[in-house]
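Notes to accompany the following structure.
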Ligand code: AMP
């Protein structure tokens, strides 16, 4: 049975979502950017391009089995979906922001009747109700930041990542409602009935994300330094050590290292008398 997977068709999540699928080994063929859906070559998978905000509903209804979207969109839709994988991109916070000049410092300063512009009406409503604040929610489909300037609202609830858009519009955040990142979510029934296909794609994408944070490091190291080398690389089953033809004093070592440790590791190996040090990217890593 074909696995239907939704991917954001444009916007902030589109590029990285497609990149993850391609790197996972899914062949979307030529011209996928212009298509509304694509049958993945050699796999019983259909990739459907739709708006990130529509994905929770399509997955919940069962029209689509799994999808990539932001946790913020899932929470706003209020659908009961199964989270399958954090994708570690699209990081942002849904925050309450006020004009710098408003003098509002925290939620307690917000008066009843305050007008809140947001494209997250459901989450905003729940949040202010939980704080016992009677506010008027004004539903906008985008550009909430401009609403206080236009006099349409007093404050906003919007997504913030770097905070630069808020700054440009002379707004400051006073509190966060939730944190969000891109995730793979699934329809609860489909996750069971299409278990193998779902696991196949989730594991592939995970292997790409893990691989991106690692490097493959190779070096010829003095044999008498092997203990030291082994202590240096304790993770991931330790280094693989191989003999070098015609050399009794040196061995070849291969190891997977965290990207952040590459700089120190190479310098330390050099200091130990290693040579022929190479670092290579890893495409996928399945532990
Ligand atoms: P789109 O509206 O299609 O560009 O997608 C917006 C999604 O990107 C949101 O639902 C979030 O999950 C994510 N995102 C990450 N950072 C931000 C940001 N600063 N502003 C808006 N969306 C963001």
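In the numbering used here, the protein residues as written are 15 to 301.
No residue lacks a Cβ here, since even glycine has one placed at the ideal position from N, Cα and C.
_Could you check if residue 106 belongs to the surroundings of the ligand AMP, using beta carbon to heavy atom distance under 6 Å?_
With a cutoff of 6 Å, residue 106 counts as near the ligand AMP, since its C-beta is closer than that to a heavy atom of the ligand.
_Contact test: residue 31 Cβ vs the ligand AMP heavy atom, cutoff 6 Å_ = Incorrect: residue 31 has no Cβ contact closer than 6 Å to the ligand AMP.
*What is the DSSP secondary structure of residue 261, reduced to helix, strand or coil?*
Residue state, collapsed to three classes: strand.
*Just reading off the beta strand (DSSP E) that residue 294 is part of, what are its end residues?*
Here the beta strand (DSSP E) through residue 294 covers 289-295.
_Quick check on DSSP: helix, strand or coil for residue 239?_
Collapsing the DSSP output to three states places residue 239 in a helix.
_Cβ pair residue 107, residue 190 closer than 7 Å_ = Result yes, Cβ atoms of residue 107 and residue 190 sit closer than 7 Å.
*What does a CB cutoff of less than 7 Å around residue 43 pick up in its chain, not counting 5 residues either side in sequence?*
Excluding residues within five positions, the ones whose Cβ falls inside 7 Å are 52, 55.
_Which same chain residues end up closer than 7 Å to residue 97 when comparing Cβ atoms and leaving out the 5 residues on each side of it in sequence?_
Apart from sequence neighbours up to five positions away, the residues of its chain that approach residue 97 with a beta-carbon distance below 7 Å are 197, 199, ordered along the chain.
*Reduced DSSP secondary structure (H/G/I, E/B, other) of residue 190*: In the displayed model, residue 190 falls within a strand according to three-state DSSP.
*In the DSSP assignment, what residue or residues form a beta bridge with residue 267?*
According to DSSP, residue 267 bridges with 233, 255.
*Quick one: does the C-beta of residue 173 sit closer than 6 Å to a heavy atom of the ligand AMP?*
In this structure, the ligand AMP has a non-hydrogen atom nearer than 6 Å to the beta-carbon of residue 173.
*Excluding sequence positions up to five away, which residues of its chain have a Cβ less than 7 Å from the Cβ of residue 155?*
Excluding residues within five positions, the ones whose Cβ falls inside 7 Å are 133.
*Of the choices 294, 215, 267, whose alpha-carbon is the least far from that of residue 244?*
Closest option to residue 244, Cα to Cα, is 267.
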